[in-house]
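Which chain is which? The protein sequence lines are A and B, in order.
Quick note: the first sequence uses my numbering, first residue 469, plus one each step.
Quick note: the second sequence uses my numbering, first residue 29, plus one each step.
Ideal Cβ placement from N, Cα and C applies to all residues, glycine included.
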Amino acid sequence: MRYAYLTLLFVVVSAVSVLGFRGSLSQRTPLEIFPDMDRQPKYKPQAESAFFADRRTDRPTPVGVVPFGRTALAPEAKFLAEDDHLYRGLAANGTPARGYPAGITVDAQFLERGQLKYTIYCAPCHGAVGDGNGITKQYGMGATPTYHDDRLRGTPEGDLYHTITAGKGNMLSYADKLEPADRWAVVAYVRALQRAQTGTPADVVPAHKSELGLK
Amino acid sequence: MSNLFPKSANKLPLQILIFIGLTTGIVLAGVTYYATPKYSRVGYAPTQPVPFSHALHAGQLGLDCRYCHSNVEKSGHSNVPTAQTCMNCHNQIKTDSPLLAPVRESYASGNPVPWSKIHQAPDYVYFNHSVHVARGVSCVSCHGQINEMEVVHHAKPLSMGWCLECHREPEKFVRDPKLVTNLDWKHPGGDAGQLEQGKKFVHDWNIQPPQSCSGCHR
């Protein structure tokens, strides 16, 4: 009987030493214990395909495809992104447009959305206040311009929109991260940042003056 | 007959029974301990083609999760970033690092970097990222403290029982949606504060996580 217990102990110790404990780091692909239909022959986003030569399930858009223009912002658009102001930041004469496209109302909610998107996508380089001193500067990012000079204060909104859409210099396009309405929200927030830097005591709402020690 | 079996043989049936009982117990304990995603999935940390550090990018630099996983609020699938996303900075930073060669190659050719997928729900699970993020389920609830991981590992079991823990008591986990990507955030009021605020969110936003099969399986 003693041998039976010794064998049992040996089996347990060797099983634990081979299998390890819960949560230990491992390079092995997770074992699927009951693999019934866990992996089905269907395509999921960003997955691998054995069929296509480039092995992607996500197919690139064929040449000549134009995005469909109907969005929540432009529900009346028939098709194609035909609103030059909204989608390309251009005025009727083809120059960068001033102001915001029809259908966009710049209110507190819109600015909040702009602030959120700005903080996620722009602040790492441009800095939280738009002075070009984002965190990436410490890691060797080239000079990022400040928004607070006359050139960028005077540039049309459509120009800022175009920079987000197509990039400029070393900055690459953010069109894949920000849909058109979000880009306009960021433009509005950049304008707010610019305005904030040129504020004077006269801009402070009377009710808040005492908090800031103003008369 | 008395010469054939020693007296100790009288105890043998009982001893065999005890031994079988013990063995069964050990086997059951082993299956309970090992045959679960808590063992089989948790801790999975494959070597990726590029040794991308979330601890550096999300932790030290403080990049928001959505800088790279930009579709998480809009799509059921939370995307792995494009090579261009990396190149936004790495066209100027560490431009000749051999570790980044697969990214540069992908950016030039358009072919994806062959990342290994770590968190992988079974194909019959229709998990939707956007709906969870929009209702204040933080990334950290399912993915663990990614912002502290040099190499990402599978931190939570993602088993069905584990999903249901939250679907049954969402108030223990939901937070202000503005804070979903703040992985270090904990309710300043501790568990009691979380519960109180969570109950309010669950009520105000009418959160009713499905517990029926077809909520997640179809």
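At a CB-CB cut-off below 7 angstroms, which residues of chain A make contact with Pro140(B)? As a first step, residue 140(B) is located in the second sequence; it is residue number 112 there, counting from the start. Simply Arg524.
Counting only the same chain and skipping the five closest in sequence on each side, list residues whose C-beta sits under 8 angstroms from that of Ala215(B). Position 187 of the second sequence, counted from the first residue, corresponds to residue 215(B). A small fix is needed here, since residue 215(B) is His in this sequence, not Ala. Correct list, in chain order: Arg203, Gly221, Gln222 and Gln225.
Let me check one thing: in DSSP terms, what residues is Arg524(A) bridge-paired to? Along the first sequence, one-based indexing puts residue 524(A) at 56. Note: Arg524(A) sits in a beta bridge opposite Glu516(A).
Best match in Trp190(B), Ala86(B) and Lys206(B) for proximity to Glu178(B) [C-alpha to C-alpha]: Your numbering for residue 178(B) matches position 150 in the second sequence. Among Trp190(B), Ala86(B) and Lys206(B), the Cα nearest to that of Glu178(B) belongs to Ala86(B).
What is the DSSP secondary structure of Tyr471(A), reduced to helix, strand or coil? Against the first sequence, residue 471(A) aligns to sequence position 3. Helix, per DSSP.
Assuming Thr685(A) and Cys590(A) make a contact with CB atoms under 8 angstroms, what is their CB distance in whole Å? Outside the shown range of chain A, which is 469 to 683, sits residue 685(A), and nothing can be said about it.
Would you say Gln495(A) faces chain B, with C-beta separation under 8 angstroms as the test? Taking the first sequence and counting its residues from 1, one reaches residue 495(A) at position 27. By this cut-off, Gln495(A) is an interface position.
Can you tell me which of Ile146(B), Phe47(B), Met115(B) and Pro130(B) puts its alpha carbon nearest to the alpha carbon of Pro140(B)? By one-based count along the second sequence, residue 140(B) stands at place 112. Closest by alpha carbon: Pro130(B).
Buried versus exposed, by CB contacts within 10 Å (16 or more), Asn38(B): Residue mapping note: residue 38(B) aligns to position 10 of the second sequence, counting from 1. Flag for Asn38(B) reads exposed.
Anything in the segment 83-103 of chain B with a Cβ closer than 7 angstroms to a Cβ of chain A? List those residues in chain order, please. Leu89, Gly90, Leu91, Asp92, Arg94, Tyr95 and Ser98
Closest by CA to Arg201(B), which one among Ile174(B), Ala183(B), Gln43(B) and Pro237(B)? In the second sequence, residue 201(B) corresponds to position 173, counting from 1. Note that residue 201(B) is Phe in the sequence shown here, rather than Arg. When each option's Cα is compared against that of Phe201(B), the closest is Pro237(B).
Could you check if Ser485(A) is buried or exposed, using at least 16 other CB atoms within 10 Å of its CB as the buried criterion? Here residue 485(A) refers to the residue found at position 17 of the first sequence. Counting Cβ neighbours within 10 Å, Ser485(A) comes out exposed, since fewer than 16 surround it.
Would the segment 97-104 of chain B count as touching the segment 144-161 of chain B if we require 3 or more Cβ pairs under 8 angstroms? yes
Quick check on DSSP: helix, strand or coil for Met609(A)? Here residue 609(A) corresponds to residue number 141 of the first sequence, with the count starting at 1. Residue state, collapsed to three classes: coil.
What number of angstroms, rounded off, separates the C-alpha of Ala728(A) from the C-alpha of Cys93(B)? Only positions 469 to 683 of chain A appear in this structure, which leaves residue 728(A) out of reach.
Is the CB-CB distance between Pro150(B) and Pro65(B) below 8 angstroms? The count along the second sequence starts at 1 and reaches residue 150(B) at position 122. The count along the second sequence starts at 1 and reaches residue 65(B) at position 37. For Pro150(B) and Pro65(B), no; Cβs fall outside 8 angstroms.
At a Cβ cut of 8 angstroms, what residues of the segment 608-632 of chain A count as close to chain B, listed as they run along the chain? Gly608, Met609 and Gly610
Those residues which DSSP pairs with Gln636(A) across a bridge: As a first step, residue 636(A) is located in the first sequence; it is residue number 168 there, counting from the start. In the sequence on display, residue 636(A) carries Lys and not Gln. BP columns for Lys636(A) point to Met639(A).
Could you name the residues that DSSP lists as bridge partners for Tyr72(B)? Mapped onto the second sequence, residue 72(B) falls at position 44. Paired residues: Ser494(A).
Span of the alpha helix (DSSP H), counted from its first residue to its last, around Pro674(A): Position 206 of the first sequence holds residue 674(A). Here the alpha helix (DSSP H) through Pro674(A) covers Pro674 to Lys677.
Decide if Gln577(A) is buried, meaning its Cβ has at least 16 other Cβ atoms within 10 Å, or exposed. Position 109 of the first sequence holds residue 577(A). By the 10 Å Cβ count, Gln577(A) comes out exposed.
Any contact of the segment 652-661 of chain A with the segment 596-615 of chain A, i.e. 3+ C-beta pairs under 8 angstroms? yes
At a CB-CB cut-off below 7 angstroms, which residues of chain B make contact with Tyr586(A)? Working through the first sequence from its first residue, we reach residue 586(A) at position 118. Going along chain B, no residue has its Cβ under 7 angstroms from Tyr586(A), so there is no contact; the nearest lies around 11 angstroms.
Run through the DSSP bridge pairs and tell me what Leu558(A) is partnered with. By 1-based counting over the first sequence, the position of residue 558(A) is 90. Partner(s): Pro564(A).
Does any C-beta atom of chain A lie closer than 8 angstroms to the C-beta of Phe304(B)? What the structure shows of chain B is the stretch from 29 to 246, and residue 304(B) is not part of that stretch, so it cannot be assessed.
Take the Cβ of Met469(A) as the centre, count every other Cβ of all protein chains shown within 10 Å, and call the residue buried at 16 or more, exposed below. The sequence position of residue 469(A) within the first sequence is 1, counting from 1. Exposed, because fewer than 16 other Cβ atoms sit within 10 Å of the Cβ of Met469(A).
Could you tell me whether the Cβ of Arg490(A) comes closer than 8 angstroms to any Cβ of chain B? For the purposes of this step, residue 490(A) is identified with residue 22 of the first sequence, where counting begins at 1. Answer yes: the Cβ-Cβ gap between Arg490(A) and chain B drops below 8 angstroms somewhere.
May I have the straight-line CA-CA distance separating Asn638(A) from Asn119(B), to the nearest angstrom? Counting from one through the first sequence, the residue named residue 638(A) turns up at place 170. Counting from one through the second sequence, the residue named residue 119(B) turns up at place 91. The alpha-carbon atoms of Asn638(A) and Asn119(B) are separated by roughly 8 angstroms.
What separation, rounded to the nearest whole angstrom, lies between the Cα atoms of Tyr607(A) and Asp526(A)? Position 139 of the first sequence, counting from 1, holds the residue named residue 607(A). Position 58 of the first sequence, counting from 1, holds the residue named residue 526(A). Near 34 angstroms, if we compare the C-alpha coordinates of Asp526(A) and Tyr607(A).
Cα-Cα separation between Leu32(B) and Ile54(B), rounded to whole angstroms: The residue you call residue 32(B) lines up with position 4 of the second sequence. The residue you call residue 54(B) lines up with position 26 of the second sequence. Cα-Cα distance, rounded: 34 angstroms.
Give the straight-line distance between the Cα atoms of Ala596(A) and Gln173(B), rounded to the nearest whole angstrom. Within the first sequence, the letter at position 128 stands for residue 596(A). Within the second sequence, the letter at position 145 stands for residue 173(B). Rounded to whole angstroms, Ala596(A) to Gln173(B) spans 25 angstroms at the Cα level.
How would you list, in chain order, the residues of chain E whose beta-carbon sits under 8 angstroms from the beta-carbon of Ala483(A)? Absence of chain E from the displayed structure is noted, the protein chains being A and B.
Report yes if the C-beta distance between Pro569(A) and His553(A) is below 8 angstroms; otherwise report no. For this step, residue 569(A) is matched to residue 101 along the first sequence. For this step, residue 553(A) is matched to residue 85 along the first sequence. Yes, they are a contact pair.
Report yes or no: is there a C-beta of chain A within less than 8 angstroms of the C-beta of Ile174(B)? Residue mapping note: residue 174(B) aligns to position 146 of the second sequence, counting from 1. Cβ-Cβ to chain A under 8 angstroms: no for Ile174(B).
Less than 8 angstroms separating the beta-carbons of Asn116(B) and Leu477(A)? What you label residue 116(B) is simply residue 88 of the second sequence in a count that begins at 1. What you label residue 477(A) is simply residue 9 of the first sequence in a count that begins at 1. In this structure, Leu477(A) does not lie closer than 8 angstroms to Asn116(B) by Cβ.
Please say whether Leu45(B) and Val78(B) have beta carbons closer to each other than 8 angstroms? The residue given as residue 78(B) occupies position 50 in the second sequence. The residue given as residue 45(B) occupies position 17 in the second sequence. Result no, Cβ atoms of Val78(B) and Leu45(B) do not sit closer than 8 angstroms.
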